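As structure tokens, the structure follows; a few thoughts come after it.
Residue numbers (my numbering): 1334 to 1569.
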């Protein structure tokens, strides 16, 4: 009888242990456990384990809100963009999207100096020379993104998250305060973080080019800007 009880107990413990191992294998953060088990079998060898993507991005929409800071462009303005984007993930490697940004502009120190000097000249009866300025107001882009690299990240020792490194290109229009609408084009590099099947985040740096002063007698200027920002979103 004692032998039968001992056999049954061993079978139950073995089943529980196997269930735990299966649970570990199915979890996103199981690589460490797998590597330890492999090293015990052959400690002289090096192991690398790549799991399949666990966040489903086949025919799903992603809606994000965020903003970016703008470098380059007009030396007299500091520009910050806020807005949102929607991406349709065809599969984990490709997505199509649309973006909208509203720009907030403020004078740089140089811009303030030039305008204060021009106002002072006008007060003294002189002709104040104010440079022709044309700040961005709104931007609308259509984009296509490719995700060639993916992996996992230990997020502050709290959660293991999946990430994808991606490249994007886009084209659309930018509305300028003086010139009106003009063609805009963009290309960039970013990283998307998938915390689970719902919550997402992105960090991205992209180039945005356009021409301003289209209605100015002296002609247009080519503007080249670099935008760096972050968004938070949801997968639907």
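Backbone N, C-alpha and C fix where the C-beta goes; we use that ideal spot for every residue, glycine too. If you're wondering where the values come from, they're calculated on a predicted model, not measured in any experiment.
Backbone CA spacing between residue i and residue j [nearest angstrom]
i: residue 1509; j: residue 1523; result: 26 Å
i: residue 1552; j: residue 1530; result: 50 Å
i: residue 1395; j: residue 1448; result: 43 Å
i: residue 1390; j: residue 1451; result: 55 Å
i: residue 1453; j: residue 1491; result: 58 Å
i: residue 1565; j: residue 1513; result: 30 Å
i: residue 1497; j: residue 1445; result: 42 Å
i: residue 1598; j: residue 1525; result: Coverage of the chain is limited to positions 1334 through 1569, which leaves residue 1598 absent and any answer about it impossible.
i: residue 1406; j: residue 1515; result: 15 Å
i: residue 1504; j: residue 1535; result: 20 Å
i: residue 1418; j: residue 1430; result: 7 Å
i: residue 1546; j: residue 1507; result: 12 Å
Residue j beta carbon less than 8 Å from that of residue i
i: residue 1393; j: residue 1416; result: no
i: residue 1436; j: residue 1470; result: yes
i: residue 1544; j: residue 1556; result: yes
i: residue 1540; j: residue 1520; result: yes
i: residue 1472; j: residue 1517; result: yes
i: residue 1414; j: residue 1401; result: yes
i: residue 1386; j: residue 1483; result: yes
Own chain, CB closer than 8 Å to residue i, minus 5 neighbours either side, in chain order
i: residue 1441; result: 1408, 1409, 1410 and 1411
Cβ-based neighbour list, residue i, same chain, cut-off 7 Å, excluding 5 preceding and 5 following
i: residue 1404; result: 1558 and 1559
Other residues of its chain near residue i: CB distance less than 6 Å, five sequence neighbours each side excluded
i: residue 1438; result: 1410, 1412 and 1468
i: residue 1481; result: none
i: residue 1320; result: No answer is possible for residue 1320: it lies beyond the span of the chain, which begins at 1334 and ends at 1569.
Exposure label - residue i; buried when at least 16 CB within 10 Å
i: residue 1478; result: buried
i: residue 1465; result: exposed
Quiz item: Along the chain, which unbroken stretches of the alpha helix (DSSP H) at least 4 residues long are found entirely within the stretch 1491 to 1530?
Solution: none
Quiz item: Taking the runs of the beta strand (DSSP E) that are 3 residues or longer, which of them lie wholly in the stretch 1419 to 1484?
Solution: 1427 to 1440
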